[in-house]
Every structure is written in C-alpha cells, then in structure tokens.
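Visitor: So the protein sequences, as listed, match chains B and R. The opening residue of the first sequence carries number 1 in our numbering; numbering runs sequentially from there. The opening residue of the second sequence carries number 1001 in our numbering; numbering runs sequentially from there. All residues carry an ideal CB built from backbone N, CA and C; glycine is no exception. Computed from a prediction, not measured in an experiment: that's the story for all the values here.
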Amino acid sequence: MAEDRTGLATQAQMNAEPVEMLLNMGPQHPSTHGVFRMVLWVDGEKIVDVEPHIGYLHRGSEKLCEGEQYHQIITLFDRMDYVANFNNELVYCQAVEKLMGLAVPERAEYVRVILCELNRIASHLLYVGTIGLDAGAMTPTMFAFRGRERIQSLFEAISGARMMHNYFRIGGVKEDLPDNFEQLIAELLPLLKEDVEESDRILTFNEIFLTRLKDVGSISAEEAIDFGFTGPCLRGCGVEYDVRKAQPYSVYDRFDFDIPVGLDGDCWDRHWVRVQEMYESLKIIEQALEQIPEGEVVSSLGRRLIRPPAGEVYVRAENPRGEIAVHLVSNGTDRPYRLKVRPPSFCNLSAIKRLLYESWIADSVVILGSLDIVLGEVDR
Amino acid sequence: MLNSVKGMMLTLASTFQGLKKPVTREYPKQPTPVQPRFMGFPALTWDNDVDEPFCTGCMVCIRNCPTQCMSASMMDNPLNEEGKSHRRKIVDYFEINLNRCILCGICVEVCNFDAIVMSHEHEMSTYERNGDRVDLPALLDIGKKYQRETAWIPPTVLAKAKKEAEDAARAAAAENAEPAAAAQEAD
Ligand code: SF4
Ligand code: SF4
C-alpha cells in the first residue's frame, strides 16, 4: 500500500466508525453564565447529545422560605434572580398582597413599575454585554455595563443597595423616593437611551454578529410553547405573549407600549426582541413619570406583623427572562406553609438539549447565552 | 466588504469618543462616593446627650434578622439609677457577625429606639475567618463615625418634627379659613 504522504486521512480512516467524544463544559466556564455544567457528546465539531447538570448553586431558597417570616422572604427573592431583583421582589409582594387582600397605594404602584422597568433595562443590558462576549465581541460589554452601572447608581440612591435592594414591602415600598429623584432620573434617561442605542448600533446589525447568530439555535413556536418558553425566548419565535399585556398586573394596563416579536425563533431574534424591549421599557418609564401621583407609599396594614389568612394563591408577572410565578400556601401563621416559584430561566433552559442537538460546539455558548439564564434562579 | 468598512468606521468613532471622557475610576485610590441612603454594615448609635448607647438590648432586631447574625443581652442601667438617663435598661453585650450579615436593613426598620443604623462602612475585609465578628465598642465606633459624617438625627425625632410642622401648617390653614368663612357669613 502506497504511503500517504499528504498527511490527510486515508480512505480507510475516513470510512471508520465515527468516534464520539465527551466534552465537559462548566461549571466554571466563563460562558455558562454562572455555574452551569453541560456534558457534550461530540462527533467531530458537531454536538450529538447534551446532558445538562443543574444544582451547583442550589441554596434551597424555597425551603428556606418556609422558615422565614413574610417580611424576611423578600431578601431571599432578591437573591433568586440576582440580575432582576426588583422584578422578583414585586411578584412575591403581589402574592402576599393578593392573599391578604391588601390594597397598595397608587404612588407605590408607580414607583414599583418605574423600578421594575429600569431593572428590565439593566438586565437586558447585561444580556447584551454577555451575548457580545459569547459571540466574540468585547466592546459592547463595556458600553452595556456602563449603562447598567448608571441604573445601579440610581438604585443605590433610592434603595441604598446596588443589587440586593430589599426595597419593596408587602403593601408598598420601604420609603418614598429621595428628594432629588426627579433630577436624577431626568439626567439618567437620555444617557440610558444613548447607551441602549449605542449597544444596538454596535452589535445588532454587525455583520459578524449576524453571521454568528442568524439561523443558530432555531426553534418553532409550537415547540417553544411545548417546552414552556416564556419571555423574549418565546416572543422571538413570533408568539405575542407578555404577562404585562395578557393579564395586566400592578398599573401596567395604563401604559401604551408594544410587544416586539421575532420571526424565526433563532438566537438573533431573541436578541432583537430584548433590544426592542429596552426601548419599550423606556417608553413605559416616561409615561409612568408623567402619571405618578403624590401620596403614601406603603399601606398602614403592611407595617404590622404580616399574618395572611390560610389559603393559597398563584401570582405571575413578567420578569426580564419570562414569566415568573409564585404559588404561595399559607396556614395562617407568620411563615408560609409552602412557597413554590416557577422560574422562567429554568423552563427556558429545559430546551437546551433540543437546541444544541446537531449544532457546532462553537455555537453552544451563543445558544446558551441567547437563552439568558440566571443560575441563581435555575437552581434556587 | 462595505460592511467591514462600516464596522471599521464605527470602531474608530467609538475609539475617539472613548478618548474624550474616561468613565473608569481607579477604585482604591479614588474611592467612589456613596449615596446618602447607602446601606453599609449595621452599627450602633451613641446618644450624645446622655453619653450612652441608644440601644436597650431589647432583642427585637435579633428576632427579625433573617440570617440570625446578631446576639445581645441587656442589663440595668446604672445611669438611670443616678437619675441621669431615662433608659431603665441598657445594652450589656452586643455582637454582629458582619460576614453573615446580608445588609438587608431589616434590623434598622424594626428597632424602636433609633439605636441601630446602616452605616456607610463597606470595606472591612480581614484575613481571619471570624475577623468581622464585631462587638459593642467596635459597633459604637462605626456608629459614631457615621453620626459624625452624616450629621445624623434620630429618625423618630425627625418624624416628630415633621408631624409638628404639618400640624402647625394645618392649624394655620384652619385659622386662615376661619376669618374667610366668618367674612362670608357676614355677607
Ligand atoms: S438595636 Fe434596637 S432593636 Fe436591637 S436590641 Fe438594640 S434597641 Fe433593641
Ligand atoms: S442588616 Fe439584615 S442581616 Fe444584617 S444584621 Fe441587620 S437584619 Fe441582620
């Protein structure tokens, strides 16, 4: 047999059975957005199977809730989705308020909406930065984080903490907005608009970025619904579903905003939907600032020891990542009997096997990044 | 090709923009100022009028702390026996494990005696595992520093002043309304 001098594979080698290789990704991988571990079975550069391992960040938050008093649980919700703290606090407070039949003062509702929408922008900015990193772009990260930093400075001025705020209360918010709030937000909004536009300009229609994200990780609307997708991941498939519109809570029915939807359900569509959502959030904030009334920020009942009547409620709200819901069962004491959270990231992540199947290894981080998971919420 | 040129232009434009105004702070050399409401580590306050801590050791904060990171005990107040203080009980021993504290501010909210504040202290790393278990004198030192720096006024005093001002305003408004009503009646 003639010697193969080219160094290329011989015919015999090429005809041999393909060898599957195991590739371990995470938990300490920079692109797994926290501590997520995937075991990939690869055939060459193609992924043939995935086994996700969750639970590295499991803190037992749901169980801890059973041992804490109602006003202490807000701190646990801060730490569940640690990128969208206000949104998480909101859904918990709403659950307890619904159980107690507690009315929240108007002003508090507006304060909550403004903060939640700002938090949505902050969360999406973080996403824009990380998806840029996943696709190989460093600059958008810096711009996005600058914008996020500005929002967090405002949060610090309002609640005293940049991330773990513990600011929402059952029946309102902790204290009124600071005196210089109007000035702060008037300074912030134009800058924020610039930041969002800039990250959009740099990233969204960038040729390299488009090539990396277009037609990668596509999923059809039916499949997405079957997997329990919510939020931008579902809207990227073209399903117009947003809890803020489908079942308006708080004062969301008073604002005029659109729900951006994608077409193909690929990574780029999910990205585009998030970027558009930031503009919509800015619109909501502007309207809320116009409408916000004066008055109390916390109902007087919320200041007493909270002891909801026995019963159960299921409350849902729109998180930056999707639909977050709380199922709260009370037995009439000062601690809940059971508290179950429906975390959006967890449900979106459940499709990882389907999304990664038959894709390239290099695309796996982009697909994972486009789901925008937060491990604190997946593992709880 | 055209797109690459466009991308290049964008990069150049951003570079020049970036040269204008740096946003990065050199942190340890250039500390970032904190906001007035910033919640740093909890600390105990000092009553300068009587020269004793505000804290009575009532343990309300300890029962409400979500991480159970504090402990305290109370004793009879010697200054009260001498008639210098209105506090019958006073804190004897107080400890907070700041490593476990999650800076939630619940203790400040539940305290009825203005005795605890969220100070602006946030740089307390140590080399020991238990290095941040701070006791009463240390907590009072942090608190005194905070009081000095922010010209702290007890929140209950503030609330009282605000209420009085509001009552005065209401009374004044009522007085103004009365002559007007009287004048109307006279017509
Ligand atoms: S800080 Fe306040 S609540 Fe805590 S023991 Fe002292 S007086 Fe009581
Ligand atoms: S701030 Fe929160 S965690 Fe820290 S001591 Fe006070 S109640 Fe406990």
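1) Using a Cβ-Cβ cutoff of 8 Å, what residues of the region 1100-1132 of chain R are near chain B? List them in chain order.
2) Measuring only between beta-carbons, confirm whether T211/B sits less than 8 Å from chain R.
3) To which residues of the same chain is K1160/R closer than 6 Å at the C-beta, ignoring the five residues directly before and after it?
4) Could you name the residues that DSSP lists as bridge partners for S961/R?
5) Among E156/B, A157/B, A144/B, whose alpha-carbon lies nearest the alpha-carbon of D195/B?
6) Taking only the alpha-carbon atoms, compute the straight-line gap between V173/B and S1119/R and give it to the nearest angstrom.
7) Quick check: what's the CA-CA separation for G67/B versus M163/B?
8) So, with DSSP's three-state summary, where would you put M1/B?
9) Return no unless some Cβ of chain B is closer than 8 Å to the Cβ of G1007/R.
10) Starting from I1116/R and walking both ways along the beta strand (DSSP E), at which residues does that stretch end?
11) Write down the C-beta distance between I1116/R and L1044/R rounded to the nearest angstrom, noting that I regard them as a contact closer than 8 Å.
12) Determine, for A325/B, whether the minimum Cβ-Cβ distance to residues of chain R falls below 8 Å.
13) When you compare the CB positions of W336/B and R120/B, do they come within less than 8 Å of one another, or not?
14) Once you ignore the five residues that flank A2/B on each side, which residues in its own chain have a CB closer than 6 Å to its CB?
15) Let me know the secondary structure DSSP gives F1041/R once reduced to three states.
16) What separation, rounded to the nearest whole angstrom, lies between the Cα atoms of N180/B and L118/B?
17) Along the chain, which unbroken stretches of the alpha helix (DSSP H) at least 4 residues long are found entirely within the region 227-263 of chain B?
18) In terms of alpha-carbon separation, which member of Q69/B, I259/B, I361/B lies closest to T333/B?
19) Given G228/B, which residues of its chain have a CB within under 7 Å of its CB, disregarding the five upstream and five downstream residues?
20) Note the first and the last residue of the continuous alpha helix (DSSP H) segment covering D1141/R.
21) Kindly give me the distance between the Cβ atoms of K1163/R and W1046/R, rounded to whole angstroms, as I take these residues to be in contact under 8 Å.
22) Using alpha carbons as the reference points, say which of G34/B, D379/B, D363/B, S61/B lies closest to K214/B.
23) Taking contact to mean at least 3 C-beta pairs separated by less than 8 Å, is the region 184-203 of chain B in contact with the region 313-330 of chain B?
24) With distances taken from CA atoms, which of L126/B, A161/B, Y241/B is nearest F1041/R?
25) For P1066/R, verify whether its CB is less than 7 Å away from any heavy atom of ligand 2.
26) Shortest alpha-carbon distance to Y82/B belongs to which of I170/B, Q152/B, M278/B?
27) Since I1062/R sits in a beta bridge, which residues does DSSP pair it with?
28) Name the residues in the region 68-93 of chain B whose C-beta lies less than 9 Å from a C-beta of chain R; which are they?
29) Which of the three DSSP states is assigned to F346/B in this structure?
30) Below 8 Å, how does it come out for the region 136-150 of chain B and the region 259-270 of chain B: are there three or more Cβ pairs, yes or no?
31) Classify A1173/R as buried or exposed, calling it buried when 16 or more other Cβ atoms lie within 10 Å of its own Cβ.
32) For T333/B and chain R, any beta-carbon pair shorter than 8 Å?
33) Let me make sure I understand the geometry here. Which of M25/B, N88/B, S370/B, K46/B has the alpha-carbon closest to that of F36/B?
34) Indicate, with yes or no, if ligand 1 has a heavy atom lying under 7 Å from the CB of V1060/R.
Guide: Answer, in terms of the structure:
1) I1102, L1103, C1104, G1105, I1106, E1109, M1118
2) What you label residue 211/B is simply residue 211 of the first sequence in a count that begins at 1. Not one chain R Cβ lies under 8 Å of T211/B.
3) Here the question's residue 1160/R lines up with position 160 in the second sequence. Hits under 6 Å: none found.
4) Residue 961/R falls outside the range modelled here, since chain R spans only 1001 to 1187, and no answer is possible.
5) Locating residue 195/B in the first sequence gives position 195, where the first residue counts as 1. Of E156/B, A157/B, A144/B, the residue nearest in Cα terms is A144/B.
6) If you number the first sequence from 1, residue 173/B lands on position 173. If you number the second sequence from 1, residue 1119/R lands on position 119. Taking the straight line from one Cα to the other gives about 21 Å.
7) For the purposes of this step, residue 67/B is taken as residue 67 along the first sequence, with counting starting at 1. For the purposes of this step, residue 163/B is taken as residue 163 along the first sequence, with counting starting at 1. Roughly 24 Å separates the two Cα atoms.
8) In the first sequence, residue 1/B corresponds to position 1, counting from 1. Below a pLDDT of 50, predicted positions are generally treated as unreliable, and M1/B, at 42, falls in that range; the measurement from the model is reported next regardless. Three-state result, M1/B: coil.
9) Sequence index remark: in the second sequence, residue 1007/R carries index 7 (1-based). Yes, because at least one Cβ of chain B sits closer than 8 Å to the Cβ of G1007/R.
10) The residue given as residue 1116/R occupies position 116 in the second sequence. Element bounds for I1116/R: 1116-1118.
11) Locating residue 1116/R in the second sequence gives position 116, counting from the first residue. Locating residue 1044/R in the second sequence gives position 44, counting from the first residue. Yes, I1116/R and L1044/R are in contact; Cβ-Cβ is about 6 Å, under 8 Å.
12) In the first sequence, counting from the first residue as 1, residue 325/B sits at position 325. Chain R contact via Cβ: absent.
13) Your numbering for residue 336/B matches position 336 in the first sequence. Your numbering for residue 120/B matches position 120 in the first sequence. First, the amino acid is wrong: residue 336/B is Pro here, not Trp. Not a contact, by the Cβ cut-off of 8 Å.
14) As a working mapping, residue 2/B is identified with position 2 in the first sequence. With a pLDDT of only 45 at A2/B, under 50, the local geometry of the prediction cannot be trusted, and no value is derived from it.
15) Along the second sequence, one-based indexing puts residue 1041/R at 41. Three-state result, F1041/R: coil.
16) As a working mapping, residue 180/B is identified with position 180 in the first sequence. As a working mapping, residue 118/B is identified with position 118 in the first sequence. About 17 Å.
17) 232-235, 243-246
18) For the purposes of this step, residue 333/B is taken as the residue at position 333 of the first sequence. Comparing Cα positions, the closest option is Q69/B.
19) Within the first sequence, residue 228/B is the residue found at index 228, counting from 1. Excluding sequence neighbours, G228/B sits near C347, S350.
20) In the second sequence, the residue the question calls residue 1141/R occupies position 141. First-last of the alpha helix (DSSP H) with D1141/R: 1136-1150.
21) By 1-based counting over the second sequence, the position of residue 1163/R is 163. By 1-based counting over the second sequence, the position of residue 1046/R is 46. Rounded, the Cβ-Cβ distance is 25 Å, inconsistent with contact.
22) Here residue 214/B refers to the residue found at position 214 of the first sequence. The shortest Cα separation from K214/B among G34/B, D379/B, D363/B, S61/B belongs to D363/B.
23) no
24) As a working mapping, residue 1041/R is identified with position 41 in the second sequence. Taking only the C-alpha atoms, the option nearest F1041/R is A161/B.
25) Here residue 1066/R refers to the residue found at position 66 of the second sequence. Yes, Cβ of P1066/R sits closer than 7 Å to a heavy atom of ligand 2.
26) In the first sequence, residue 82/B corresponds to position 82, counting from 1. If we check each option's Cα against that of Y82/B, Q152/B comes out closest.
27) Start at 1 with the first residue of the second sequence, and residue 1062/R comes out as number 62. Paired residue(s): none; I1062/R is not in a bridge.
28) E68, Q69, H71, Q72, I73, I74, T75, L76, D78, R79
29) Taking the first sequence and counting its residues from 1, one reaches residue 346/B at position 346. F346/B: helix per DSSP, three-state reduction.
30) no
31) In the second sequence, counting from the first residue as 1, residue 1173/R sits at position 173. Burial call: exposed.
32) Position 333 of the first sequence, counted from the first residue, corresponds to residue 333/B. It does not: the Cβ of T333/B has no partner Cβ on chain R nearer than 8 Å.
33) Translated into the one-based positions of the first sequence, residue 36/B becomes position 36. It is M25/B.
34) Taking the second sequence and counting its residues from 1, one reaches residue 1060/R at position 60. Yes, the beta carbon of V1060/R sits closer than 7 Å to at least one heavy atom of ligand 1.
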